[in-house]
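Here the structure is laid out as structure tokens; the discussion comes afterwards.
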Amino acid sequence: MTTVDSIGNQGVLQAEADKTARSTEVGEASSRCRFCQATLHQSFVDLGMSPLCESFLRADQLNQMEPFYPLHLYVCGRCFLVQLQEYVTPESIFSDYAYFSSFSDTWLAHAKAYVEQMTSRFRLNANSLVAEVASNDGYLLQYFVAKNIPVLGIEPAANVASVAIQKGVPTLIKFFGTATARELVAEGKRFDLVLGNNVLAQVPDLNDFVGGLKILLGTSGVITIEFPHLMRLMSENQFDTIYHEHFSYFSFLTAEKIFSEHGLTLFDVEELSTHGGSLRIYARHAEDGSKSVTARVHELRVREESAGFARLDRYHSFATQVNETKRKLLEFLIEAKRSGKRIAGYGAPGKGNTLLNFCGIRSDFIDYTVDRNPHKHGRFLPGTHIPIYPTDYIKQTRPDYVLILPWNLKDEIMEQNAYIREWGGQFVVPIPQVKVYP
Ligand SMILES: [Zn+2]
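Our numbering numbers the first residue of the sequence shown as -9 and each following residue consecutively.
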């Protein structure tokens, strides 16, 4: 005999299965895989409609219409690339990009360590040539310049590129692809090291981008690319790192397929802690015998295969996991509000906006959020319209809970704001699941 409880559960599960089936049908209409061109049939996760995560609002914009776009990811049944349709043109997102890499001390330290590591491992010197694709404000190339190693940055956002140029980092203001790569090669440039950090996910034409890397690369040169690791995103429930600016989400297996299609062999890989868990892949020309494939490549390939990343069913479980995370977070917030608690947010990162919009968390749960970036003060979060204050506002209002939105920085934030314990305040981290830190 079935209990009431389990009937209820079956109802929920059936409803979820129906929803997945419906979204699969919708996807069949038009879309094709950005890498292999197979038709996309398989829904990965549907986070509903969401505004662009960096479009903070001024007070006078609150009563205006706000554009929302679907945040629905598919997984390709042939190559397993997890991807978002291009609903918004990259020009509109990146041409006047407000993100300056040099504002983050942690990220600068990461860049500096990378430069030391590459210089010694690949013996770079004044006769070498290094290119960075999406070089931002020169946050990384400046360390090569300091070592007298010639560099070229390639960056489409004119405002950040001009900061790099002022710093003495030569920068070409252009979108990168095969056309730009051919122009550079025609000028006689071939590179010993070509790097790209957190750009691969943001490229709408993946084949044109990787094809361009191949063209730029000198005979025995090295490409390194860093991107968030899909295996970590899934195992640690980091669905809030999905946003419109990120078109693609890669496992190592899929990245290997893409580079191999363009005549590039991945000969090494490192697992990094940045952005919730990233991979740094190392590529060379397939015919370059001077660098053999390391054990780390074999080990990670085997680990992903045994975790099911070469089978479609592994990808199907993610949506259920995400929906359950949403319910648990809402349960916590509803319970807190019912018992009269006051909740503030900490931070206004892109990931926070995905989380809050998907979960429908507005000022009914979170009174306000705070941020260290003065450009955000007095503005409102896109979609949810939660106001953003300077961090001091927490001291003035003494909330019971502080929900940390940039969970990747939780240790640093809890340390800097430990004073909330003076009035019994507690930190809450939403991902991988709700956790209260007394
Ligand atoms: Zn595909």
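Just so you know, even glycine gets a beta-carbon here, dropped at the ideal spot from N, CA and C.
query	result
Could you spell out where the beta strand (DSSP E) holding GLU122 opens and where it closes?	120 to 123
Please go through the stretch 186 to 233 and give each complete beta strand (DSSP E) segment of 3 or more residues, from N-terminal end onward.	207 to 218
Whole angstroms is fine: what's the gap from ILE410's alpha carbon to SER21's?	49 Å
With distances taken between CB atoms, is the gap from TYR358 to TYR391 smaller than 8 Å?	no
If you reduce the DSSP assignment to three classes, tell me which class GLU15 lands in.	Summary for GLU15: the model assigns pLDDT 40, below 50, so the residue's position carries little reliability, and this model does not support an answer.
For SER13, which residues from the same chain have a beta carbon less than 6 Å from its beta carbon, with the 5 sequence-adjacent residues on both sides left out?	With a pLDDT of only 40 at SER13, under 50, the local geometry of the prediction cannot be trusted, and the value read off the model is given with reservation. Only SER33, ASP36 meet the Cβ criterion.
Taking the alpha carbon of LEU174 as the point to measure from, which residue in VAL189, VAL153, LYS157, ILE205 has its own alpha carbon closest?	ILE205
By alpha-carbon positions, which one of ALA334, GLU235, CYS23 ends up nearest to THR387?	ALA334
Measuring alpha carbon to alpha carbon, tell me which of HIS275, VAL292, LEU74 ends up nearest CYS23.	LEU74
Taking only three categories from DSSP, how would you classify THR310?	helix
Between the alpha carbons of ARG291 and ALA116, how many angstroms are there, rounded?	36 Å
In terms of alpha-carbon separation, which member of PHE249, ALA309, ARG286 lies closest to LEU203?	PHE249
State the DSSP-derived secondary structure class of PHE249, mapped to helix, strand or coil.	helix
At what residues does the alpha helix (DSSP H) containing GLN156 begin and finish?	148 to 156
Spatial neighbours of LEU185 within its chain, please: C-beta separation below 6 Å, excluding the five flanking residues on both sides.	GLU122, THR214
Does the distance between the C-beta of CYS43 and the nearest non-hydrogen atom of ligand 1 fall short of 7 Å?	no
Taking buried to mean at least 16 other C-beta atoms within 10 Å of its own C-beta, is ILE376 buried or exposed?	buried
Using DSSP's beta-bridge definition, name the partner residues of TYR239.	VAL72
What is the C-beta distance between PHE166 and PHE217, in whole angstroms, given that I count them as a contact (C-beta under 8 Å)?	Wrong, their Cβ atoms sit about 15 Å apart, outside the cutoff.
Do three or more CB pairs link the stretch 320 to 329 to the stretch 269 to 283 at distances below 8 Å?	no
Helix, strand or coil: how does DSSP classify GLY342 here?	helix
Is DSSP giving MET39 helix, strand or coil here?	strand
Nearest to ALA28 by alpha carbon, out of CYS66, SER45, THR244?	CYS66
When every heavy atom of ligand 1 is checked, does at least one fall within less than 7 Å of the C-beta of PHE25?	yes
Please classify TRP397: is it buried, with 16 or more other beta-carbons within 10 angstroms of its beta-carbon, or exposed?	buried
Rounded to whole angstroms, what is the Cα-Cα separation between THR109 and ILE139?	9 Å
Looking at ligand 2, does it come within less than 7 Å of ARG68, judged from the CB to the closest heavy atom?	For ligand 2, the structure offers nothing, since it holds only ligand 1.
In terms of DSSP beta bridges, what is GLN416 paired with?	TYR391
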